Amino acid sequence: MSAAEEEKKDAPRVVVAEDEALNRMDIVESLASAGYEVVGEAANGQEAVDLVKKTRPDVVVMDIKMPVKDGITAAREINEEFIAPVVMLTAFSQKDLVAEAVDAGVMAYLVKPFVPGKLFPTIEVAMQRWQQMTALRSRLSGIPATQTEAEGSDEEVEKLREQVEDLKGRLESRKHVDRAKGLLMEHMGLTEQEAFRWIQKTSMDRRLTMQEVADAVISQIDGDGAVA
1 MSAAEEEKKD APRVVVAEDE ALNRMDIVES LASAGYEVVG EAANGQEAVD
51 LVKKTRPDVV VMDIKMPVKD GITAAREINE EFIAPVVMLT AFSQKDLVAE
101 AVDAGVMAYL VKPFVPGKLF PTIEVAMQRW QQMTALRSRL SGIPATQTEA
151 EGSDEEVEKL REQVEDLKGR LESRKHVDRA KGLLMEHMGL TEQEAFRWIQ
201 KTSMDRRLTM QEVADAVISQ IDGDGAVA
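Take 1 as the starting number for the sequence shown in UniProt numbering and just add one per residue.
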């Protein structure tokens, strides 16, 4: 294998989703010139989801406003299958739109107009966050959801979880969550809102308490897992 082929093999694989052809071409050419391998191009959200499922890229660069299926909906579908990190391109900077993108699992976002010098660091941040999230998910997979999950209905499990949460104490739980938020902010570049939303969403997705997710974050990032 030649040096060029070896370099291409190690290049991050990217799917680009942008409904405006000229913008998409600029992004694709910029990525290629920077050493990324563009494995698919999509002109709408549904095409993006299909391409990501087919090619399993390392990262997805996606516009937030697209026909057929918008970028946030597409990102949510991609994240539900935990396929690849999504970098969202948007001409909007409203907080509610950013919060919606975070809820959909977007790892990073960039306000247009597209600037290659800003896109590349954002992609690297998204990929780094994704690797850390993957490690956390792997660690969390070893924690049982609840002792009675197989025995009761969803309603019964939820009642039990609430009782356990009350017994643990709201104050102690908050201390753990606050420390985990701080670690996510410091080591992964998340805002306080993003860190809290990630802990909250993960606790719901994994059927764990927020304190259990927080403890896993603390143990993964900080090592000793002790909370002062």
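Ideal placement from N, C-alpha and C gives every residue a C-beta, glycine not left out. Please read these numbers as outputs of a predicted model, since none were measured by experiment.
- Between Trp130 and Met107, the alpha-carbon positions lie close to 7 Å from each other.
- Between the segment 22-35 and the segment 48-55 there are fewer than three inter-stretch CB-CB distances shorter than 8 Å, so the stretches are not counted as touching.
- Secondary structure of Arg13 (DSSP, three-state): strand.
- Boundaries of the beta strand (DSSP E) around Leu89: 86-90.
- In the displayed model, Leu208 falls within coil according to three-state DSSP, outside both helix and strand.
- CA-to-CA, the gap between Leu110 and Thr73 works out to about 17 Å.
- Apart from the 5 residues on each side of it in sequence, Ser173 sits with its Cβ closer than 6 Å to the Cβ of Gln211 in its chain, given in chain order.
- Ranked by how close their Cα comes to the Cα of Pro113, the residues Glu18, Glu186, Gln193 have Glu18 in first place.
- Counting only runs that start and end inside the segment 25-108, the beta strand (DSSP E) elements of at least 3 residues fall at 37-42, 59-63, 86-90.
- Excluding sequence positions up to five before and after Lys69, its CB lies within less than 6 Å of the CB of Gly45, Gln46, all in the same chain and listed in chain order.
- Cβ atoms of Ala11 and Glu37 come within 8 Å of each other, at about 4 Å.
- Our two residues, Arg137 and Ala214, have alpha carbons roughly 12 Å apart in a direct line.
- Straight-line measurement puts the Cα of Leu208 at about 22 Å from the Cα of Met188.
- Under the three-state reduction of DSSP output, Leu190 falls in the coil class, being neither helix nor strand.
- Val115 carries a coil assignment under DSSP once its states are collapsed to helix, strand and coil.
- Cα atoms of Thr202 and Val217: separation of roughly 11 Å, rounded to the nearest angstrom.
- By the neighbour-count criterion, in which a residue is buried when 16 or more other Cβ atoms sit within 10 angstroms of its Cβ, Asp96 is exposed.
- In this structure, Ala75 and Met88 form a Cβ contact; the two beta carbons are roughly 7 Å apart against a cut-off of 8 Å.
- A residue is called buried once 16 or more other Cβ atoms fall within 10 Å of its Cβ, and Glu194 is buried on that count.
- Leu110 is bridged by DSSP to Leu89.
- In the three-state reduction of the DSSP assignment, Glu172 falls in the helix class.
- In the structure shown, the three-state DSSP call for Asp19 is coil.
- By the neighbour-count definition (other C-beta atoms within 10 Å, threshold 16), Gly71 is a buried residue.
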